[in-house]
Each structure stands twice: as structure tokens, then as C-alpha cells.
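Residues 10 to 1007 (this note's numbering) make up the sequence shown, in order. To start, the structure under review is shown below, and the notes come after it.
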Amino acid sequence: MHANVHADRNEWRLPPDDTLQVGDTKAKKEVGDEEVSTPDRERRDATALCIFTISSRGMSVKHIEVAHSHARGNSDSEFIELLHGGEKTGNNKQEGGVKATLNSERHRKISCRQCGITHDGKKCEELALHEDEGHNWWSIIFSLLVIGLVISGIVAAIFLVGYVDELLYWHGQRMQLNEFMQISQDELTTSRLPSSWISSTHFVFQADDGSLSILDTSKNFSITILVTNNILKQNDVRSYQCSKDLSYVLLQYDLEPIFLFQVFRQSFTSHYAIYDVSKDRKIPVRLESSPRAREETLQFVGWLGDTTSLLIVFNNDIYYRSSPTDETDVRITYTGQPDIVYNGIPDWLYQGNYIVISQPQKCGIVKHPQFPKDVLQSPEALWSSHDGTHLLYATFNDSEVGILNFPWFQTGSSLATGKTGQGPPSFPDSRTVRYPTPGSMNPTVQLWVVDISNLTNLEHHRVMPPKALVGQDYYLTSAGWIGQKNTQVSVVWINRAQNLSIVSACLAPNWTCIETHAERALEKAWLDIQEHPMFSPDGDSFLMLAPVKEGSRETYTHIKHVTVTQQHIAVLSHGKHEVSKILSWDTVSHKIYYLATEENKPGQRHLYVVRDPSTDDPRRVESHCITCDLGDVLWSSRFFVRELHPLQCSGSRCVAFVQCKTIQLIDKVSPRSDSSNSSFYVLHCEGPGLPLAAMHNAITHKVAQILYDMRPKKWPTLEKYAMPKKKSFEVPLPQGSRAQVQLLLPPSWREELRDAAYPVLVEVNGRPGSKSVTEQFKVDWGTYMSSHCDVVYVKLDVRGARGQSDRAIYRQLGGVEVQDQVTVLEHLLEKHKYLDKTRVGLWGWGYGGYVTAMVLGLGNQQKVFKCGIAVSPITDWLYYNSAFTEKILGLPTENFKAYVEADATQRAKNIPKKSFFLMHGLADLTAPYQHGVALARALTKENVLFRYQSYADEGHELKGVRQHVYLSMQTFFEECLNLDTDEKMKEREDAKKEEAKK
């Protein structure tokens, strides 16, 4: 028989089948005077035992059991009392406690099943309640002394040992810097070669074994190898292009990638080779005039439309080659000049600021995402017709653009070839680049069309911009051919202020452009550069991305459908989420596939489908998210069970296929040729777990074929490390905005560790249009610092980031996006007690370095951040590039006050001493080294002590010295934030061993 105790109600109850009930002593009669109303008068006695447990937070009643013994004897009775605090009164009352009065012949022994005490007391010490009801004061005093000694020992242990790793448990070992560098350089975190549909049934992708393979959906998903992994590895292939007939594969590779990273961007040159699939041989691509013993470094090589003819760009001029085996070249342009005139490739301003965006990807042409940071690829500014008879190309003229000089220390270096000379010069050399600044002359751009079907008489026709742009500065943003007749091209222009974008149609034979659609920026905003519009086969309508107002203040990027002849505009996607890419337009089934964030989850990207307005059905159909609820479909797929490798792990350390949130790219949805054939699309998942990809049926969305799965191969590499836990949420900002926050919680963090105090390291970006908080899988420096140094690593997206309001930063920089960093951190420190308020640092690269300097420059206005690091920062916007600066701040002549207020050097006097670390590459052309020097000079003038490191011949990314950069940053934060170092951990371990010996 059992009884339950509710200590807070001072109540003790027996089960319902028992008649004896003892309640609150203040509300009941004295037990001694109470009759036991039970038909079984033979039930004479019971013994009761209270079992108490001591937790780390104090004493509490856990359980009470009443053990019954049925003893028969005389009717003499005496009291057996269970005392729990309080004092005994004259009438057997127990104030504030529990007293049970039971009939018994004499005192009974307490029986305990938990500690092995039996009824006869032979196997353990007998505990009896004697008739003498006085307290055993000596036992109570002794117990209190023991408890006090135990608590004192715990406090002393925590004080002496501290909150160290040895007191906690986590899976795996802490990551070391050299291990992190190896992982970051491994294919585990670098981009795979992208995939592409070659036809409606053939799909090219890089398989798990690293080979370039082709999948045929018409032959039961058979897979054939095009190029082996050995060839790709030997040549360090960075990109490829398949010919339409799959007989050749054009490979782009670099023999000296580190040197090329040091050179400014428009000098990117690569080695190219053509792989003959049938003959299994590699044919190097070199110009006819080049020595055969030397591989030529070229600016661009690509297929001419759907043919096997080649286009080559060398020394800023375009060449034509009829076939891969042909050794003769035809020169298309003759006006190219190094660093001044560029034909077929953009100059520094267009290339460095992503102004030119190529036309939508054609079948067989495979490229990395536009201008990626970590891939060697030269973007092109030429577009060929499908049949290869006509070429559209751009010419950029920088003759009026200002010149930027920067030092070059590499001994005897040559910018063109990268080869060293005979010996070091007496003094450093210098290099120049045409660099337009706000209010100065911009490069001019012209578009040309040439008919290359008649190579003996090439005629170049200039494509004229629409009348609305005549006589003013403008940028070319994208271009492409419309239809199959080679008589019409589409060009998108934007004015210099970047608040007016014009989509134009240019017709042969005079190629004058006529405005078909104009997009104007909303109030207090600018227009972002978008991809080229996607035209229907007949060219009568197109799809484009444009800002759409949702609600009273907020704007989001959505899909617009524009009918050229009727000038009708329809917005197809809606909601408070951002559309990032239009993937495919199936004009047969009238479906549009696109990538977009999920509402209230801007860190995720999902695949959506919506119907176009061309159908006769008048009903409006809302967009549908295909991958938001893809789990049920995938679990029911036999391919998931049969081909996906299961992983024996749990929690956040293992992400199942059905949990994938981020989609990188869908190349194309194959159109259905008839009702019996199915269309397929390829879903690349890049997070939150290791990347994988599968081909899905476009109707049922079930998995048809697994293309690659990096988890089985790469998970064992990561499993041995103690990886941080990711946590994302929102934080309120002024004016109704909400910041996106992501925490990387260190391996030792536990929810129950309420009194822990972890140092905080914040990575700031803040660049307008950027995105830091995503669900994409990556192992970056934040991952390493959280694993190695036990810090809480914070990433933020505040006002001005992609998906956030642009109005707050329009015509002003260094204002709200800087204050938002402080506001968010104050909120986090107040809400999350495990964040150490005394150890908070921040750092940023490029624009993030600028924000870091501005935050520390707040001085006494912020008491959150203790120190910070600015890597390659922007400091004075008068010396940044014109395209980015003018669209936000306007021209200096119109808004000079904003330029002065945004100058980071103006806040140098407020930066605390010994709290700032400045790093910069002397060959940086994104944020030229003058920015770092100007800030260093201002700090010196104000007698502010700071740390400064510069790197010779290194560009903005500091690729050649990245490990030294990370080591320097880690050392600085270890000193500033008092982080755990390898030496400190070893010292504590040695101290523990010495203490154990004593």
C-alpha cells in the first residue's frame, strides 16, 4: 500500500481503498481521538517511512511509502509518529508537519525496501521510534555539519577548477587551425562543378566519385562518365562547358591560382583545353600565333551557340575558331587595349560590382553562380545566337576613368604572365588600374552585333540605347537574343543613379532599341541589378524580378509577367518573402518554377511553382512551395530507402534528407514532349546538412534518382570534431523591423547551464543587399572559433540586408546598420544569461570592417563591445567605387554632408586604446589600401594605440596569407576576451595533476 505526499499542501493521502486518512493537522481532529471507520477491525498497525533526497539545489520530499504489517496482538496502543519539522504539542499535535497515530502493541521498526531494510532488521541497522518523543539533537547537528562540509567542498572545487572543459562533456575533439584550413580547402566545403540539362533527357553532373557524368532519363536513368575524376583533378578544373552533341567538353583550369588571385580582377586569365570524349584526349586551346610549346593563358573561351565552334578572348579582343581541331583563328575585333578598351569581357567596374549579368543559362553552357568569390572564372560580355551565325558583344572604354596606383613588391613580376625575372629590383614596382570614384568619369559602354557567317566581310552594327537614356550616363546590366530568327535582341539598361531600369527590344537591321518596359524605384530606394528577363519562345512576353510593395512600408522582390504587345503587367508571386531566382518557365503546362525564401524564415530557400497568366483559366492560382513539405513525399520514395546512406547519429549532428532547407540551383525543368513522358528537375540541397542532390519527378515530386550524397564520404571527417550547435531567431528593431540572428553555440554549451558565462564574438557584414544568416551548410572561421575557443559566435542581418528595408539607409551609410549591431547585442546579453557581458568582441571584412570601425567609434555611446578587428575595411566613401556608392549616397555634389558623416576616420578619436586591430592588403582593389592607411593615420593623429598589419601583393580576399590572418585574429581575441588557449588548457591540466598528487 502506498501513499503520496504533496509537501506544498501539507497533505498526506492513502490510496482510496484504505480508510485511514490524515490531512492538514490544523483542519482535522487529533488522530488519537479519531475512530478508524473500517469494517476490518483486524487491521491494527502500519509503519511509515519517508524517503528524502538531496538535490544540488536543496532538500525536497520526493516520495513517501507506507509499509503495512499485519500483526495481531492485544488492544494496547501507542503512538508511532512520523516527524517532519515543527514541534510536538501536548495533545499529540504536530504543527507544520505530519503525524500518523496508529494502533500497535509496542514500537515498530521502520522497514525500507530502497535501502534493504527488512521487517526483522537483521540485514541493516534498526531504526525505531521510541516512546521517548524528544528530538535527537546530536544527530541533527551532525547531519547539518556533514551537509555544510559537502556544500563547501563543491564551492571550493568550482572556485579552484573554474568553469573548464573537464567538468563538461561533449562529443568529439576541438578543431585546430591547421585542421580547419584543411577542411576549408577540401571539396567538403568548396563548390562542386555545377550541373546542367543538355537536352530534355540528358543531364550532366559531377558524381560522388568526382567524375563528370551524364544521366539519361529515357534509358532508365543510366549514367555514363564523360570526364574521369583523374583528368579533372590533374588539371584543377574550375569550370566546364559541354558541346550540344556531347562530343567535346571544354575545361577551364589554372596552373597558378594563388598568383591570379593577387592580380586585379579584369586580368583573370585561365588555361583552357578541349576534351575529346570519343578519343579520350585533351587538346590545349592556344591562339594560332602562340608557340606550340607553351599553353596560352586566355581571358575567355566558350562555344559559339549550339555549335562546336569556339569564341576566344585574348588581350581584350575576340577571336573565332571554326572547330576544336582547327588551328586557324579569325580575329573579330581589333580595338582592344590593355587596361583601357575591353571587347567581350567587362572592365574592373562592371566585373567588380556585378553590373553585367549573362543571359539565362543555355543548354550545355555551365557556369558557377555569377562572380563567386572562391572560383577562378572570368565573366564574359558576349552573347551568341543559338545557330552560331551572329554575335552580340559589349565594348567598355576606360580612357577617361581615373587611375589608381598601388605598390607591387613581387620580384620581377609580370602582370600578364606571372613569371619572375632575373633578380629583385632596387625598389618596389607599381601597378595601375582604372578606378572610378563617386562623381568622377565612368567607363562608357557600347553594344555591337556582328554577322560571323560571312568571315571575309565582317560588319559590326552598333545597338543604340533607348531615347530615354540618350545624353546621360548609364550602365548595361544584361542582354540576350530573343527567338530563333536572329533578328531581335533584348537589352536591359539602368541609369547612373540606379533608380530607373529599362528593358528594351532592339530589331534588325538598324538595331535601335525601343523601350518595352520601365521599372522605377520606389520612394527612398534604389533598384538592385537582377538577372536578364526570361522570354517566351515567341518573344511576346517575359518574366522579370522587380520590387513589389507588400503592406504600407515593406517591399520584397517578386516575379512580374510583362506582355510586350498589350503592355500588361501582372505580379505572379506575393507575400513577405524574397524571390531570389526564376529557374524555369514551362510554357506548355504554364508553370513557373522559382527559388524564394519562406515567410518568416529568410535564412531558407525553397522551390516554388506558380501558374503563368497565359492560360485561359481565369482563376488566380497562388504559388505553391514544393520543398517546404517535401518530407512525406521523400519518405514514401523507394529511392530514399534504397539508395540514401543512413547515418548512425542523432540530433543536430545529423541532418536527414527530408530536413534539407536550402536549395542552391535548379538548372531547368524539361518540357514534356507528350502526356506519357514525365518531366524532371534536379534539387540541389546545400543545408543545413552536408550537400546532396537528387532528380525529382516534376509531377509527383518524388525522388527518381540520387545524383550525389556527400554525407557518407565526408561525415566521418566532421564527426571526430566537436562542432557548434546552430540556433536562429529574430530580434525586434526600431520602426517595426526585425533582425535575423544566428548563434553558433560552443560544444560545451548546455541548456541547463544557466550560470555559465561564454565569451561572445560577433561577425558583422551590414553591406546593403547582403545575407549572413542562412541555413546553408558551411565550415567557416566562426565554426572553428566556436569549436576551438568555446565562444558563442553571432551572425546578424540588420536593416539594409537582403529582405530587410532599404529605406533606413537610403542616402546615409554608417547610421542605422551600425546602431542595430549595438541594439541587437544589448537585447541578446539581457535575454541570454549565458553570454558574458564583459567579453564581447566583433569583427568584419570589407563593409563589415567599416561597420566594426564605426561601432567602436561610437565611444561612450556603446558599452557592449570590448574590441574589434577590421579586415580590408572601407573608410572614406569618396574613394570607393562609383557604382555602389552613388546608388545609396548619391553624388557628392548633391549629398556631401552624408559622405562626411559616413567617414570612419571622423570617429577615430572615439575608438578605445588597444581595442582595435586593422588588417589590409596592399593590392586590394575592392577597398583600396588607401582606406586602411587613412584610418591608421587618423588613429595615429589622435594618439590611439592600435594594432596594424599589411600584406604585400595581396588583394581583398587575402588568399595567399589566409592562415596567417586567421591566426592573428585568434591571438588578438584570445588576449582581448581572455579566451581559453591551448597553453591555458595545458596549464590547468598540469595544475590538476599536481593538486591530485598533494
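The C-beta atom is built at its ideal place from N, Cα and C for all residues, glycine as well. As the structure is a prediction and not an experimental result, all values here were calculated from the model.
{"Item": "Pick from 408, 464 and 467: whose alpha carbon is nearest that of residue 442?", "Value": "408"}
{"Item": "Taking C-alpha atoms, which residue in 892, 335 and 928 lies nearest to residue 503?", "Value": "892"}
{"Item": "Looking at C-alpha atoms only, which residue of 278, 483 and 497 is the closest neighbour of residue 489?", "Value": "497"}
{"Item": "Helix, strand or coil: how does DSSP classify residue 160 here?", "Value": "helix"}
{"Item": "For the candidate residues 844, 886 and 336, whose alpha-carbon lies nearest to that of residue 445?", "Value": "886"}
{"Item": "Give the secondary structure of residue 774 by DSSP, where H, G and I count as helix, E and B as strand, and everything else as coil.", "Value": "coil"}
{"Item": "Over what stretch of residues does the beta strand (DSSP E) that includes residue 513 continue unbroken?", "Value": "509-516"}
{"Item": "Can the beta-carbon of residue 746 be found closer than 8 angstroms to that of residue 813?", "Value": "yes"}
{"Item": "Since residue 878 sits in a beta bridge, which residues does DSSP pair it with?", "Value": "852 and 926"}
{"Item": "Alpha carbon to alpha carbon, how far is residue 716 from residue 944? Give it in angstroms, no decimals.", "Value": "50 angstroms"}
{"Item": "Could you name the residues of the same chain whose beta carbon sits closer than 8 angstroms to that of residue 550, not counting the 5 residues immediately before and after it, in chain order?", "Value": "544, 570, 571, 572, 573 and 623"}
{"Item": "Short of 6 angstroms in beta carbon distance, which residues of its chain neighbour residue 192, apart from the five on each side in sequence? Order them along the chain.", "Value": "788"}
{"Item": "Quick one: using the 10 Å Cβ neighbour count with 16 as the cut-off for buried, is residue 332 buried or exposed?", "Value": "exposed"}
{"Item": "Per DSSP, residue 9 forms a beta bridge with which residues?", "Value": "Summary: the structure shown does not reach residue 9, with the chain confined to residues 10 through 1007, and so no result is reported for it."}
{"Item": "Report yes if the C-beta distance between residue 525 and residue 473 is below 8 angstroms; otherwise report no.", "Value": "no"}
{"Item": "Check whether the Cβ atoms of residue 884 and residue 861 lie closer than 8 angstroms to each other.", "Value": "no"}
{"Item": "Am I right that residue 855 and residue 770 are in contact with their C-beta atoms under 8 angstroms? What's the rounded C-beta distance?", "Value": "That belief does not hold up - the Cβ atoms of residue 855 and residue 770 are roughly 18 angstroms apart, past 8 angstroms."}
{"Item": "From this set, 604, 336, 923 and 353, which residue's C-alpha is nearest residue 457's C-alpha?", "Value": "353"}
{"Item": "Using the three-state DSSP reduction, which class does residue 883 fall into: helix, strand or coil?", "Value": "coil"}
{"Item": "Put residue 768 into one of helix, strand or coil per three-state DSSP.", "Value": "strand"}
{"Item": "Check residue 979 in the structure and name its three-state DSSP category.", "Value": "helix"}
{"Item": "Using alpha carbons as the reference points, say which of 254, 575 and 262 lies closest to residue 246.", "Value": "262"}
{"Item": "Judging by CA-CA distance, which residue of 568, 391, 437 and 451 is the nearest neighbour of residue 412?", "Value": "451"}
{"Item": "Using 10 angstroms around the beta-carbon of residue 151, count the other beta-carbons present and answer buried if the total reaches 16, otherwise exposed.", "Value": "exposed"}
{"Item": "At the level of alpha carbons, what is the spacing between residue 932 and residue 388?", "Value": "21 angstroms"}
{"Item": "Just curious, the beta strand (DSSP E) that residue 802 is in, first and last residue?", "Value": "801-806"}
{"Item": "Which value, in whole angstroms, describes the spacing of the CA atoms of residue 547 and residue 491?", "Value": "8 angstroms"}
{"Item": "Using the Cα positions of residue 249 and residue 780, report the straight-line distance between them to the nearest angstrom.", "Value": "28 angstroms"}
{"Item": "Since residue 941 is in the alpha helix (DSSP H), which residue starts that stretch and which ends it?", "Value": "939-950"}
{"Item": "Can you tell me where the alpha helix (DSSP H) holding residue 826 begins and where it ends?", "Value": "825-840"}
{"Item": "Report the three-state DSSP secondary structure of residue 535 (helix, strand or coil).", "Value": "coil"}
{"Item": "Where does the unbroken alpha helix (DSSP H) through residue 798 begin, and where does it stop?", "Value": "790-798"}
{"Item": "Buried or exposed for residue 137, please, with buried defined as at least 16 other CB atoms from any protein chain shown within 10 angstroms of its CB.", "Value": "Because residue 137 carries a pLDDT of 40, less than 50, the predicted location of this residue cannot be relied on, and no value is offered for it."}
{"Item": "Below 6 angstroms CB to CB, which residues in the same chain sit around residue 351 once its five sequence neighbours on both sides are set aside?", "Value": "325 and 405"}
{"Item": "For residue 950, tell me which candidate among 917, 940, 966 and 969 has the shortest Cα-Cα distance.", "Value": "917"}
{"Item": "Since I believe residue 294 is in contact with residue 310 (beta carbons under 8 angstroms), could you give me their beta-carbon distance rounded to a whole number of angstroms?", "Value": "5 angstroms"}
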